[in-house]
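Q: Position 101 of the sequence shown, counting from 1, maps to 100 under numbering that gives the first Met the number 0, and the rest follow consecutively.
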Amino acid sequence: MTSQQADAANQEVGAVLDDDFGFAIGTVFRAYAKAVESAVGDVPGGPRGYFILAAAVRGEAGSQRSLAERLGVDRTVMTYLLDDLEAADLVERRPDPADRRGRIIVATENGNRCWQELRARVDRVEQHLLNALPKKDAESFRSMLCTLAAHVTTGNPAADACEAATEWAAPAERPRRGRRSTA
0 MTSQQADAAN QEVGAVLDDD FGFAIGTVFR AYAKAVESAV GDVPGGPRGY
50 FILAAAVRGE AGSQRSLAER LGVDRTVMTY LLDDLEAADL VERRPDPADR
100 RGRIIVATEN GNRCWQELRA RVDRVEQHLL NALPKKDAES FRSMLCTLAA
150 HVTTGNPAAD ACEAATEWAA PAERPRRGRR STA
């Protein structure tokens with residue numbers, strides 16, 4: 000295959016993928032993830048640390064276990080992330096007033112200040128990614144994306160996604176061919 004043939008083949012694949020939902024959302028996600036990694040790389044845990052800090056600042060972190068489930072982070076990994084964020088004086092674990100055996104994650108004053116700076120960086124990343132859209136469309140896209148995210152995370156997202164994928168991938172029942180019984 001010549002380089003011209005390879006270029007033509009790549010253009011054909013690109014044309015086929017241009018309107019593919021999975022390809023498009025994957026492309027946007029990879030660009031977002033790479034840029035956010037760079038923007039928040041100095042916080043312990045990188046993007047995961049940033050999302051933990053954001054939840055704590057907003058008062059939405061709750062318990063370590065519930066936050067791990069919401070973010071899709073293994074509970075043991077969450078422990079290490081929180082240890083690092085606590086060591087950096089960004090969050091702390093406090094006794095839960097509703098359950099004295101449990102602890103809730105809250106942002107420290109330093110964590111609040113740090114999050115404001117990080118949020119400004121992430122805002123710039125998001126603005127850069129959405130610059131291809133008119134402002135009204137960008138706002139609509141963000142709103143629809145948040146609605147879709149809420150929809151797919153209802154219940155147990157991993158189980159729901161696996162169940163849906165299994166149903167979609169299952170071949171349709173087909174009549175069997177072969178000898179028929181004449182009884």
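Just so you know, even glycine gets a beta-carbon here, dropped at the ideal spot from N, CA and C.
Per DSSP, which residues does ARG93 bridge with? Please list them.
A: ARG93 pairs with ILE103.
Q: Where does the unbroken alpha helix (DSSP H) through SER142 begin, and where does it stop?
A: From DSSP, the alpha helix (DSSP H) with SER142 extends over 134–151.
Q: Rounded to whole angstroms, what's the CA-CA distance from ASN111 to LEU89? Just pull it up for me.
A: So the alpha carbons of these two residues sit roughly 8 Å apart.
Q: Helix or strand or just coil, what does DSSP make of ASP122?
A: DSSP places ASP122 in helix when its eight states are reduced to three.
Q: In whole angstroms, what separates the C-alpha of SER62 from that of THR1?
A: Roughly 58 Å separates the two Cα atoms.
Q: Assuming contact is defined by CB atoms lying nearer than 7 Å, are VAL42 and ALA106 in contact in what I supplied?
A: It is not a contact, given that the beta carbons lie outside the stated cut-off.
Q: Would you say LEU129 and VAL39 are within 7 Å of each other, going by their C-beta atoms?
A: Cβ atoms of LEU129 and VAL39: not closer than 7 Å.
Q: Consult DSSP for ASP98 and reduce its assignment to one of helix, strand or coil.
A: Residue state, collapsed to three classes: strand.
Q: Assign LEU84 to one of two classes, buried (16 or more other C-beta atoms within 10 Å of its C-beta) or exposed (fewer than that).
A: So LEU84 counts as buried.
Q: By how many angstroms is the C-alpha of LEU132 removed from the C-alpha of ALA97?
A: Roughly 45 Å separates the two Cα atoms.
Q: For MET77 versus ALA87, is the C-beta distance shorter than 7 Å?
A: No, these two residues do not count as a Cβ contact at 7 Å.
Q: Can you name the residues that DSSP bridges to SER62?
A: DSSP lists ILE103 as partners of SER62.
Q: When burial is assigned at 16 or more other CB atoms within 10 Å of the CB, is CYS145 buried or exposed?
A: Answer is exposed; the Cβ neighbour count stays below 16.
Q: Alpha carbon to alpha carbon, how far is ILE51 from ALA23? Give it in angstroms, no decimals.
A: Computed Cα separation, rounded: 27 Å.
Q: Closest to VAL121 by CA distance: which of PRO46, GLU138, THR153, ARG99 is it?
A: When only C-alpha atoms are compared, the closest one is PRO46.
Q: Whole angstroms is fine: what's the gap from GLU138's alpha carbon to THR26's?
A: Roughly 20 Å between the two C-alpha positions.
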